[in-house]
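Undergrad: A single structure is presented below for examination.
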Amino acid sequence: MAKDGVKIYDAHKLAKFFGVSEKTIWQWCKTGKLPAFKIGKEWKVRVEDLKKMIDRKIKTTPQDKNLRLFG
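Encoded structure:
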């Protein structure tokens, strides 16, 4: 976690989360499928950006609006 409280995932954590290889994560970052940024040679994704991306893709029903994907 960064000093300001912003959680950031690296390609390794994202690969484990999505069940894909790090190479796939790199490709998703390069093509814009993941809202990522680079620090040096490493791709990083803010947890908040990942949540927003996933929320846009998930259709919710009234009873599961309080469901949280990342605790």
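In terms of the numbering used here, the sequence shown has 19 at position 36, counting the first letter as 1, and numbering is strictly consecutive.
Even for Gly, the Cβ is constructed at its ideal location relative to N, Cα and C.
Every value quoted in this text rests on a predicted model; they were computed, and no experiment measured them.
1. Using CA atoms only, rank isn't needed, just tell me which of ILE37, VAL30, ASP38 is closest to LYS(-10).
2. Helix or strand or just coil, what does DSSP make of LYS16?
3. Can you tell me which residues form a DSSP beta bridge with ARG29?
TA: Concretely, from the data shown:
1. Of all alpha-carbon atoms in ILE37, VAL30, ASP38, the one lying nearest the alpha-carbon of LYS(-10) is that of VAL30.
2. Reduced to three states, the DSSP call for LYS16 is coil.
3. BP columns for ARG29 point to ILE(-9).
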